[in-house]
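Colleague: Residue numbers (this note's numbering), protein chains in the order written: chain A, 1 to 412; chain B, 1001 to 1412.
One structure coming up, written as structure tokens, with questions to follow.
There are 2 protein chains.
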Amino acid sequence: MDFNEQLVRYADVIIQCGLNLRAGQRLWIRVDVNLPEAPPESLRLVYTLIERAYAHGAANVHVQWRDQSSLLAQLLHAPALEHFPTWEIDGAMSYINQGDAYLSIRATNPDLLTAVPPERMRDYQVKIVGISRPVNEAISGSAINWLVVGMPVTGWARRVFPHLSDSDALAALWQAIFAVCRVNEPDPVAAWQTHVHGLMRRSAYLTAKQYSALHYRAPGTDLRIGLPGGHIWQGGSAQAQNGITFVPNLPTEEIFTLPHRLKVEGTVRASMPLITTDVIEGLQLTFKDGAVVEAHADRNQALVDNMLGMDEGARRLGEVALVANSSPIGQFGLFYDTLYDENAANHLALGRAYRLSLEGGQSLDEEAFKAEGGNTSLIHVDFMIGSDQMDVDGILFDGTTEPVMRGGEWAF
Amino acid sequence: MDFNEQLVRYADVIIQCGLNLRAGQRLWIRVDVNLPEAPPESLRLVYTLIERAYAHGAANVHVQWRDQSSLLAQLLHAPALEHFPTWEIDGAMSYINQGDAYLSIRATNPDLLTAVPPERMRDYQVKIVGISRPVNEAISGSAINWLVVGMPVTGWARRVFPHLSDSDALAALWQAIFAVCRVNEPDPVAAWQTHVHGLMRRSAYLTAKQYSALHYRAPGTDLRIGLPGGHIWQGGSAQAQNGITFVPNLPTEEIFTLPHRLKVEGTVRASMPLITTDVIEGLQLTFKDGAVVEAHADRNQALVDNMLGMDEGARRLGEVALVANSSPIGQFGLFYDTLYDENAANHLALGRAYRLSLEGGQSLDEEAFKAEGGNTSLIHVDFMIGSDQMDVDGILFDGTTEPVMRGGEWAF
């Protein structure tokens, strides 16, 4: 299939299966891109999306470009990180308040910001997360239909395919994205509908079970994660407050809920590197009463310590997610981007829990949400723990255990 | 001289001679660019500017990217032009109200928007000019130190050098910009200071003369332009309301003032094509009592009619500018961009007059400004009339005439 046809199919999957853009709805696209590394054929995705969105009846499409190299320059050279474009936050809130659809395109170089000193990076993250809070809360609370997708740039492609030339690596990364996004299926939109249906069936099954805890076993891992009463498993699609059913990530292979912030016990070993501003390898965490009491990394321990020190909730879990080890992404290997890699294997997240994961969670204030077991934090950082050697049991309220996963695959 | 050294010199001329950025001042950069046509070496200007701005003591630099291809898609495909990011205007006003410096970088393809139907383009221009009015008024009123400069993109370079390959054309356009911006002088900053001083000396001389009218003669041109009492000739640098002296355009070769909106009589022929959304060739205008009563173009007459029909002030003059025909830009030829081309030759502008061109103009309301002879309009469109065959006389209040230009060169 030729690249342009794949691009149109990818755009249609994004608009129809991901956003589920309604005729007459406005679309706001934010492109986080490292501009000097974005060749015209990558940018063409944006223009194809605009055209397809209008073809599907969009009332308007506005594209906001945010350049990673301009940000890098600020991080490296600004005498103090005091000035942020808060009017961009006002702009984002105006789209959200109007009920517009939101598409986030990630086209960044995972290695670009490693030149920034860690304390400086932490200073930036604390401030930007604080400023962006209303937007992040509205989006994670699904005020509107939203979606995150990827677009290759050279530095990212080079990281995934270090032995290829830049242009071959870009082409290979496009093909990998097309593959895991089911773009080459005879009918990609239908393939997504079937797949999303499967994820929703499993979510409904686990939600009905209301396990009091999950028990994970694998080499280096023996972890028991309590689940709060009223937890909801979600996966595939979600329902936005504007009434539209959408799929917030493409690709998506996971189903997830929230753990109880005080009820995590035992040790877990990451099965893949964790990418933040640099690559954290060999992460191992020990929990007691829900909090990390011991943290070790073979590489970039300082980044782990920084992350755990962000705030009180950064030491606790906010998400537990299940992914079949045979998922297309798990088969491919590392994309060096959480959007993809979190769909490669079972994972957990440190930090903020999603209120939508708890029955009635949307209407609780922060204290009430915490009292129910929901974690709050400025951060939400996923790390992979799954492998083909992982077994997961569900523990019912009467103490009976049932198999949830065996050897990394679904057991129900 | 190597390209990187030229780039740093260009950046320094922009920051020191153009903006006159103060240590501790924030800088807001808006890049209007056609992204698919901007190679990494062009984008490097932006990053060089950021670095040099910090080196000169900037407190912060924020870059806002506006992509011409995204705009084109909206203009071609949106069912109605009803939705604009007004929050960007709020953002711009927040920078202006803080007293930040503003740099506008133009890196657009002059041919890209020709695909948009003229009525659609006119609809867009009326709306965007209306929405942007507070920003345009604050900037043209020099609320802060601001500057417009150019950055090559492929389509623009191809237009200027149609017989070169894309990469050779880009390189040639860079060199042309460096040349007319005096970047290759032994000390570019000193060369600009001398040049700007000369423009200011001529401005002061003409302001002191207080000619009641100018009389233009050239093949196809016999035009008498009345000047209102209290008119001020400006050129080179201007004084911003934040107290900073700056040069609002780089390059700049012109000195200018405002004509009396009711006192223009005769015929004028454009000496160079006028570029709006397309190229208007052979423009000829006849004025009576200040208004265009006859307009002809050899090519794209419809664009002229559209422009003149924008509003009542679009048929009247808002600027009269003098440029020595021997200016480096006049010697180069057409850049197909008003920023450069208006510095190639004597020119006039249809539409809005600058309040700073009239003594006390800043404090007048619209009606009072018009009563003094100042024109108001949504548009401000320059067109070139100068050549080496043009003579200009100044007419004193007693009717005496004095030579201002002879054969396109200064006569004083």
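Glycine is no exception: its CB is placed at the ideal position from the N, C-alpha and C atoms.
Taking C-beta pairs closer than 8 Å, name the residues in chain B that residue 285/A reaches, listed in chain order.
Modeller: In the first sequence, counting from the first residue as 1, residue 285/A sits at position 285. Result: empty, since nearest Cβ-Cβ is about 37 Å, beyond 8 Å.
Colleague: Ignoring anything shorter than 3 residues, give me the beta strand (DSSP E) runs that lie fully in the region 1351 to 1409 of chain B, in order along the chain.
Modeller: Counting only runs of 3 or more, we get 1380 to 1384, 1391 to 1395 and 1401 to 1406.
Colleague: Suppose contacts are defined by Cβ-Cβ distances below 9 Å. Is residue 61/A in contact with residue 1070/B by that definition?
Modeller: Residue numbering aside, residue 61/A sits at position 61 when the first sequence is read from its first letter. Residue numbering aside, residue 1070/B sits at position 70 when the second sequence is read from its first letter. Yes, they are a contact pair.
Colleague: State the Cα-Cα distance for the pair residue 1247/B and residue 1255/B, rounded to the nearest angstrom.
Modeller: Taking the first residue of the second sequence as position 1, residue 1247/B is located at position 247. Taking the first residue of the second sequence as position 1, residue 1255/B is located at position 255. If you take the alpha carbons of residue 1247/B and residue 1255/B, they lie about 12 Å apart.
Colleague: Is residue 1294/B helix, strand or coil when you go by DSSP?
Modeller: Position 294 of the second sequence, counted from the start, is the residue given in the question as residue 1294/B. Residue 1294/B falls in the strand class under three-state DSSP.
Colleague: State the beta-bridge partners of residue 284/A as determined by DSSP.
Modeller: For the purposes of this step, residue 284/A is taken as the residue at position 284 of the first sequence. DSSP, once it has assigned bridges, lists 269/A and 296/A as partnering residue 284/A.
Colleague: Taking 6 Å as the limit between beta carbons, can you name the residues of its chain near residue 279/A, skipping five residues before and five after?
Modeller: For the purposes of this step, residue 279/A is taken as the residue at position 279 of the first sequence. For residue 279/A, where only same-chain residues beyond five positions count, the Cβ hits under 6 Å are 273.
Colleague: Which of the residues in the region 45 to 65 of chain A, read from start to end, lie with their CB under 9 Å from any CB of chain B?
Modeller: Correct list: 46, 47, 50, 51, 53, 54, 55, 57, 58, 59, 60, 61, 62, 63, 64 and 65.
Colleague: Entirely within the region 140 to 213 of chain A and at least 3 residues each: give me those beta strand (DSSP E) ranges in chain order.
Modeller: Segments of the beta strand (DSSP E) lying fully in the region 140 to 213 of chain A: 146 to 150.
Colleague: Under 9 Å Cβ-Cβ, which residues of chain B neighbour residue 188/A?
Modeller: In the first sequence, residue 188/A corresponds to position 188, counting from 1. Within 9 Å Cβ-Cβ: nothing; residue 188/A doesn't reach chain B, min ~23 Å.
Colleague: Any C-beta of chain B sitting closer than 9 Å to the C-beta of residue 80/A?
Modeller: If you number the first sequence from 1, residue 80/A lands on position 80. Yes, residue 80/A counts as interfacial toward chain B.
Colleague: Tell me whether residue 1023/B sits in a helix, a strand or coil according to DSSP, three-state version.
Modeller: As a first step, residue 1023/B is located in the second sequence; it is residue number 23 there, counting from the start. Three-state result, residue 1023/B: coil.
Colleague: Measuring only between beta-carbons, confirm whether residue 1026/B sits less than 9 Å from chain A.
Modeller: Walking along the second sequence from the start, residue 1026/B turns up at place 26. Taking Cβ atoms only, chain A reaches closer than 9 Å to residue 1026/B, which makes this a yes.
Colleague: For chain A, is any of its Cβ atoms less than 9 Å away from the one on residue 1197/B?
Modeller: Translated into positions along the second sequence, residue 1197/B becomes position 197. With 9 Å as the cut-off, residue 1197/B does not count as an interface residue toward chain A.
Colleague: Could you pull the start and end residues of the beta strand (DSSP E) that residue 1318/B belongs to?
Modeller: As a first step, residue 1318/B must be located in the second sequence, where it is residue number 318. Residue 1318/B -> beta strand (DSSP E) spans 1317 to 1322.
Colleague: Alpha helix (DSSP H) containing residue 1247/B: first to last residue?
Modeller: As a working note, residue 1247/B is residue 247 in the second sequence. Note, residue 1247/B: premise wrong, no alpha helix (DSSP H); not H, not E.
Colleague: Measure the beta-carbon distance from residue 1089/B to residue 1142/B and round it to whole angstroms, keeping in mind my assumption that it falls under 8 Å.
Modeller: Start at 1 with the first residue of the second sequence, and residue 1089/B comes out as number 89. Start at 1 with the first residue of the second sequence, and residue 1142/B comes out as number 142. Residue 1089/B to residue 1142/B, Cβ: 18 Å. No contact.
Colleague: Could you list which residues in chain A have their beta carbon closer than 9 Å to that of residue 1077/B, in chain order?
Modeller: Looking up residue 1077/B in the second sequence gives position 77. Per Cβ cutoff of 9 Å: 50, 51, 53, 54, 55, 58 and 61.
Colleague: Does the CB of residue 86/A have a neighbour CB from chain B at under 9 Å?
Modeller: Taking the first residue of the first sequence as 1, we reach residue 86/A at position 86. By this cut-off, residue 86/A is an interface position.
Colleague: Pull up the DSSP beta-bridge partners for residue 256/A, would you.
Modeller: Residue 256/A sits at position 256 when you count from the first residue of the first sequence. Residue 256/A pairs with 234/A and 321/A.
Colleague: Looking at the structure shown, is residue 413/A part of a helix, part of a strand, or coil, going by DSSP?
Modeller: Here chain A covers residues 1 to 412 and nothing more, so residue 413/A does not appear.
Colleague: For residue 1043/B, does the three-state DSSP call read helix, strand or coil?
Modeller: In the second sequence, the residue the question calls residue 1043/B occupies position 43. Helix at residue 1043/B.
Colleague: Considering only residues of the same chain and omitting the five flanking positions on each side of residue 200/A, which have a CB-CB separation below 6 Å?
Modeller: Numbered from its first residue, the first sequence carries residue 200/A at position 200. The answer, listed in chain order, is 236.
Colleague: Residue 1375/B and residue 1351/B - do their beta-carbons sit closer together than 9 Å?
Modeller: Walking along the second sequence from the start, residue 1351/B turns up at place 351. Walking along the second sequence from the start, residue 1375/B turns up at place 375. The answer is yes: Cβ separation under 9 Å.
Colleague: Tell me the rounded alpha-carbon separation between residue 1333/B and residue 1298/B.
Modeller: Position 333 of the second sequence, counted from the start, is the residue given in the question as residue 1333/B. Position 298 of the second sequence, counted from the start, is the residue given in the question as residue 1298/B. Each residue's alpha carbon lies about 20 Å from the other.
Colleague: Expressed to the nearest angstrom, what Euclidean distance is found between the alpha-carbon atoms of residue 1152/B and residue 331/A?
Modeller: As a first step, residue 1152/B must be located in the second sequence, where it is residue number 152. As a first step, residue 331/A must be located in the first sequence, where it is residue number 331. In a straight line, the C-alpha of residue 1152/B is about 44 Å away from that of residue 331/A.
Colleague: From what residue to what residue does the alpha helix (DSSP H) around residue 1220/B run?
Modeller: Here residue 1220/B corresponds to residue number 220 of the second sequence, with the count starting at 1. No alpha helix (DSSP H) contains residue 1220/B, which DSSP labels as neither H nor E.
Colleague: At a Cβ threshold of 9 Å, is residue 69/A touching chain B?
Modeller: Position 69 of the first sequence, counting from 1, holds the residue named residue 69/A. Yes, because at least one Cβ of chain B sits closer than 9 Å to the Cβ of residue 69/A.
Colleague: Can you check whether the C-beta of residue 94/A is within less than 9 Å of a C-beta belonging to chain B?
Modeller: The residue you call residue 94/A lines up with position 94 of the first sequence. Closer than 9 Å to some Cβ of chain B, the Cβ of residue 94/A qualifies, so yes.
Colleague: Spell out a yes or no on whether the region 1178 to 1193 of chain B and the region 1306 to 1326 of chain B are touching, meaning 3 or more CB-CB pairs, one atom from each, closer than 8 Å.
Modeller: In short, these stretches do not touch, since the Cβ pair count stays below three.
Colleague: Taking CB distances under 9 Å as the criterion, tell me whether residue 166/A reaches chain B.
Modeller: Locating residue 166/A in the first sequence gives position 166, where the first residue counts as 1. Not an interface residue.
Colleague: Could you tell me the boundaries of the alpha helix (DSSP H) in which residue 1008/B lies?
Modeller: Walking along the second sequence from the start, residue 1008/B turns up at place 8. Residues 1003 to 1012.
Colleague: Applying the criterion that 16 or more other CB atoms from any shown protein chain within 10 Å of the CB defines a buried residue, is residue 223/A buried or exposed?
Modeller: In the first sequence, the residue the question calls residue 223/A occupies position 223. Counting Cβ neighbours within 10 Å, residue 223/A comes out buried, since at least 16 surround it.
Colleague: Just to confirm before moving on: does the CB-CB distance between residue 1306/B and residue 1118/B stay below 9 Å?
Modeller: Within the second sequence, numbered from 1, the residue matching residue 1306/B stands at position 306. Within the second sequence, numbered from 1, the residue matching residue 1118/B stands at position 118. Yes.
Colleague: Measure the alpha-carbon distance for residue 212/A versus residue 315/A and round it to whole angstroms.
Modeller: For this step, residue 212/A is matched to residue 212 along the first sequence. For this step, residue 315/A is matched to residue 315 along the first sequence. Answer to the nearest angstrom: the Cα atoms are 21 Å apart.
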